[in-house]
Structures are given as structure tokens and as C-alpha cells.
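Trainee: Shown below is the structure under consideration.
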Ligand SMILES: [Zn+2]
């Protein structure tokens with residue numbers, strides 16, 4: 019089951035609960051703000067969140083991480099180069115709002131890693147490295163469920179911006195063409211700032 023929750027911090031952002039229906043265990047992707055609200059949802063539904071997964075280190079995707087981690091005592095997972103953003107309020111843009119949102123001590127993953135749920139080995143997400151929006155951008159893909167959590171790499175009808183630290187347009191387009199458009203066309207894309215879409219739908223906008 020996938021529950022998309024739009025949270026409201028300095029800007030709005032979509033975070034996602036990706037939950038195994040059978041065991042009620044699952045993952046929380048990009049909790050950007052409103053930790054209390056997300057924790058209440060977890061409690062109400064009886065979910066057991068095994069890890070917080072980050073698509074990249076921008077402030078609007080990480081604002082609720084520390085509070086949720088401290089409450090649930092669960093690992094935070096991010097790309098191996100994510101500290102460039104997670105430990106810098108300049109690079110993660112929180113300094114633009116006179117805030118300092120930092121996330122320390124994450125568990126690193128790299129291209130090709132599989133994040134597997136302890137209660138159901140069939141329930142897993144593969145890490146795909148998709149630099150361009152930032153140098154630490156990854157997407158999480160489930161082959162079984164044909165779903166992709168794309169962060170800010172690709173949205174419905176648009177792609178991530180490249181004007182912030184580490185952004186590069188050619189790199190982003192290359193990531194999208196070689197890493198996302200090569201996935202099955204019926205894969206549903208859940209992004210950080212748009213309604214869901216499908217790989218095939220987005221591909222046809224470009225080709
Ligand atoms: Zn971003």
C-alpha cells in the first residue's frame with residue numbers, strides 16, 4: 019500500500035508511506051515536515067516503520083527526519099554522498115529560510131542496493147543513482163509493485179530544477195533517459211512535488 023501525504027513546511031512536499039499490507043511493516047520516504055502528523059498516522063494505522071528513506075538531502079525532504087527517528091529509533095537511509103547536503107544548511111537550502119536543518123549519522127546506500135523489509139523479503143526497493151537535481155539524488159524502485167519514488171528527479175510533466183548547488187541539467191537529462199525511461203512503461207512514478215504519473219506517459223512527452 020502506498021499513502022501519499024502532502025506535508026507543509028516552508029514549502030509543500032509529498033512524502034510516502036510504502037507499507038506491506040500483510041505485515042503492516044514498511045518504509046517512510048522523504049518526511050519533509052509535520053513530524054507530529056506523520057507519527058500520529060503511524061500510530062493510528064498500527065504501522066511499523068523499519069526505515070526512513072531519503073531521495074536527496076534538500077531541506078524540504080528532510081525536515082521531519084530527526085524527530086521521527088528519535089521517536090521510533092529507526093535508521094535513516096540516504097545515498098553515500100548525501101552528507102554534502104545533510105550536513106550543510108547552505109547546500110540543503112535551509113539557510114535560505116534562516117533555519118539550519120541538518121541530519122547526521124545516516125546509513126549509506128549505493129547504486130544497485132536492495133532495501134528489504136524484515137517481515138517480507140519480497141517487499142523491497144532498489145536504489146538507482148540519478149544525479150542531476152543534486153549530486154546525491156537517488157530513486158527507489160520496486161520491480162514487484164512497479165512503483166518508483168522519484169524525489170525531485172522527475173515529476174508529472176516536468177523534471178527537477180538544476181539551479182541549486184550540485185545541479186546539472188545535462189546530467190539530469192542523462193539520468194532520466196538512461197535510468198528512468200528504461201524501466202517498464204507501466205511503472206507508477208511518485209514524486210516529491212506532483213501528482214503520480216507513469217514512466218510511459220513521461221517518456222512520450224520527450225520522444
Ligand atoms: Zn530537491
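In our numbering, the protein residues as written are 19 to 225.
Backbone N, C-alpha and C define an ideal beta-carbon position, used for all residues, glycine too.
Could you have a look at residue 89 and say whether DSSP puts it in helix, strand or coil?
Mentor: Against the chain shown, residue 89 aligns to sequence position 71. Residue 89 falls in the helix class under three-state DSSP.
Trainee: Could you tell me if the beta carbon of residue 78 falls within a distance shorter than 8 Å of some heavy atom in ligand 2?
Mentor: Ligands displayed in this structure: ligand 1; ligand 2 is not among them.
Trainee: Here's the rule: buried if 16 or more other CB atoms are within 10 angstroms of the residue's CB, otherwise exposed. What is residue 197?
Mentor: On the chain shown, residue 197 is found 179 positions in, with the first residue counted as 1. So residue 197 ends up on the buried side.
Trainee: In whole angstroms, what separates the C-alpha of residue 207 from that of residue 175?
Mentor: To locate residue 207, count along the chain shown from 1; it is residue 189. To locate residue 175, count along the chain shown from 1; it is residue 157. Computed Cα separation, rounded: 11 Å.
Trainee: Would you mind working out which of 40, 28 and 55 sits nearest residue 34, comparing C-alpha positions?
Mentor: As a first step, residue 34 is located in the chain shown; it is residue number 16 there, counting from the start. Closest by alpha carbon: 55.
Trainee: Nearest-angstrom Cα distance between residue 43 and residue 68?
Mentor: Within the chain shown, residue 43 is the residue found at index 25, counting from 1. Within the chain shown, residue 68 is the residue found at index 50, counting from 1. Residue 43 and residue 68: Cα-Cα distance of roughly 7 Å.
Trainee: Are the Cβ atoms of residue 195 and residue 158 separated by less than 9 Å?
Mentor: Translated into the one-based positions of the chain shown, residue 195 becomes position 177. Translated into the one-based positions of the chain shown, residue 158 becomes position 140. The answer is no: Cβ separation not under 9 Å.
Trainee: Within the present structure, is the beta-carbon of residue 152 separated from the nearest heavy atom of ligand 1 by less than 8 Å?
Mentor: By 1-based counting over the chain shown, the position of residue 152 is 134. Yes, the Cβ of residue 152 comes within 8 Å of a heavy atom of ligand 1.
Trainee: Are the beta-carbon atoms belonging to residue 75 and residue 53 less than 9 Å from one another?
Mentor: As a working mapping, residue 75 is identified with position 57 in the chain shown. As a working mapping, residue 53 is identified with position 35 in the chain shown. Going by C-beta atoms, residue 75 is not nearer than 9 Å to residue 53.
Trainee: Can you tell me which of the three DSSP states residue 216 falls into?
Mentor: Locating residue 216 in the chain shown gives position 198, where the first residue counts as 1. Residue 216 falls in the strand class under three-state DSSP.
Trainee: When every heavy atom of ligand 1 is checked, does at least one fall within less than 8 Å of the C-beta of residue 184?
Mentor: The residue you call residue 184 lines up with position 166 of the chain shown. No.
Trainee: With a threshold of 16 other CB atoms inside 10 Å of the CB of residue 152, please say whether the residue is buried or exposed.
Mentor: To locate residue 152, count along the chain shown from 1; it is residue 134. Buried, because 16 or more other Cβ atoms sit within 10 Å of the Cβ of residue 152.
Trainee: When you compare each of 112, 165 and 72 to residue 205 by their alpha carbons, which one comes out closest?
Mentor: As a first step, residue 205 is located in the chain shown; it is residue number 187 there, counting from the start. Comparing Cα positions, the closest option is 165.
Trainee: Which residue from 24, 137, 66 and 112 puts its Cα closest to that of residue 92?
Mentor: Translated into the one-based positions of the chain shown, residue 92 becomes position 74. Nearest C-alpha to residue 92: 66.
Trainee: Considering just the uninterrupted stretch of the alpha helix (DSSP H) at residue 124, what are its terminal residues?
Mentor: Within the chain shown, numbered from 1, the residue matching residue 124 stands at position 106. Counting along the chain, residue 124 falls outside any alpha helix (DSSP H), and DSSP gives it neither H nor E.
Trainee: Which term fits residue 110, buried or exposed, when burial requires 16 or more other beta carbons within 10 angstroms of its beta carbon?
Mentor: In the chain shown, residue 110 corresponds to position 92, counting from 1. It is buried - the Cβ of residue 110 has at least 16 other Cβ atoms within 10 Å.
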